[in-house]
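**Student:** For the sequence shown, the positions run 1 to 207 when UniProt numbering is used.
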Amino acid sequence: MSEEVKEENKKIVDTAEASTPVEKPLKAGAKDLAPVETEDIQSDEEKDGADFSFDSTNEELPADIKEKLEKNKAARSKKRLIKKKKKKVARIVKVGRAYIQATYNNTMMTLTDPNGDVISWASAGLAGFKGAKKATPYAAQIITKIAAQKAREEYGLEEVSVFVSGVGTGREAAIRALNANGLNVSSIKDMTPVPHNGCRPKKPRRV
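If you want it as structure tokens, here you go:
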């Protein structure tokens, strides 16, 4: 064989050796990487925890833990009872007061007991009136009806002493509406503040 053929055969052998994978020897102490079944490998703590139950009726629980669970349960039930709202006791107010505040822009009615505690109230804005309609006599009649109806149904109000404040157009209509809605007016007192040459009033509006 010629030298050229020998060189070609040598190249073919070298390429074949390079393509075949070479198995490397394992290091000393290396573990086998095959999958291991995890069902059998379970720690003693996990086995003990699997049988544990948090039910207070479980017989395996110690007595002191049972007592703690029962105490916590009782404390929680006590807190729930405290959080419940107390029922309002029905209060009867036969005689009361009616405060009417009539301004240029609005009319407000407040009904109270003799001590001044509010039992019902209404305003023109609450009744749905807006703008200039809030100061009308019709709005005063409606708000008086709303406040009087609530006071009669919930507290049994029958008689009121009227205290008027302001110079709005709804003051007289509100007083008449009290009688019309079943409340007896025992007295009327005007509490409109009057200045004794105090602050200069606003200039009259030119329309």
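Using N, Cα and C, we set each Cβ at its ideal position, and we do this for glycine too.
Quick one: is K133 buried, meaning 16 or more other Cβ sit within 10 Å of its Cβ, or exposed?
**Tutor:** Classification of K133: exposed, given that the 10 Å Cβ count is below 16.
**Student:** Report the three-state DSSP secondary structure of K189 (helix, strand or coil).
**Tutor:** Note: K189 maps to strand in three-state DSSP.
**Student:** Pull the bridge partners of Y99 from the DSSP assignment, please.
**Tutor:** Y99 pairs with T110 and F163.
**Student:** If we call anything under 8 Å between Cβ atoms a contact, is M109 one with T144?
**Tutor:** Closer than 8 Å, so yes.
**Student:** Per DSSP, which one or two residues make a beta bridge with S77?
**Tutor:** The partner list for S77 (beta bridge, DSSP) is empty, contrary to what the question assumes.
**Student:** Indicate, with yes or no, if the ligand SAM has a heavy atom lying under 7 Å from the CB of A174.
**Tutor:** By its list of ligands, the structure shown contains no ligand whatsoever, and the ligand SAM lies outside what it can speak to.
**Student:** Determine whether the beta carbon atoms of L111 and I119 lie at a separation below 8 Å.
**Tutor:** In this structure, I119 lies closer than 8 Å to L111 by Cβ.
**Student:** With a threshold of 8 Å, are at least 3 pairs of Cβ atoms found where one atom belongs to the region 176-195 and the other to the region 149-164?
**Tutor:** These segments touch.
**Student:** Whose CA, out of M191, R97, E70 and P204, lies closest to the CA of A147?
**Tutor:** Residue R97 is the option with its Cα nearest to A147.
**Student:** Please classify R171: is it buried, with 16 or more other beta-carbons within 10 angstroms of its beta-carbon, or exposed?
**Tutor:** Buried, since its Cβ has 16 or more Cβ neighbours within 10 Å.
**Student:** Taking C-beta to C-beta, are T103 and G198 nearer than 8 Å?
**Tutor:** For T103 and G198, no; Cβs fall outside 8 Å.
**Student:** Considering Cα atoms alone, identify which of G182, K73, S123 and G128 is closest to A151.
**Tutor:** When each option's Cα is compared against that of A151, the closest is G182.
**Student:** With C-beta atoms as the reference, is A173 less than 8 Å away from A140?
**Tutor:** It is a contact, given that the beta carbons lie within the stated cut-off.
**Student:** Mind checking which residues open and close the alpha helix (DSSP H) that includes I92?
**Tutor:** Premise fails: I92 is in no alpha helix (DSSP H) and is neither H nor E.
**Student:** At the level of alpha carbons, what is the spacing between P114 and K130?
**Tutor:** Answer to the nearest angstrom: the Cα atoms are 32 Å apart.
**Student:** State buried or exposed for G116, treating a residue as buried only when at least 16 other CB atoms are found within 10 Å of its CB.
**Tutor:** When all chains shown are included, G116 counts as exposed.
**Student:** Give me the Cβ distance between N105 and S123, rounded to the nearest whole Å; I'm assuming they're in contact under 8 Å.
**Tutor:** That belief does not hold up - the Cβ atoms of N105 and S123 are roughly 11 Å apart, past 8 Å.
**Student:** Taking I92 as the reference, which of E158, G125 and Y138 has the closest Cα?
**Tutor:** Checking every option, the nearest Cα to that of I92 belongs to E158.
**Student:** In three-state terms, what does DSSP make of N115?
**Tutor:** Reduced to three states, the DSSP call for N115 is coil.
**Student:** Below 8 Å on the Cβ atoms is my guess for G156 versus T192; work out the distance and round it to an integer in Å.
**Tutor:** Not a contact, Cβ separation roughly 31 Å.
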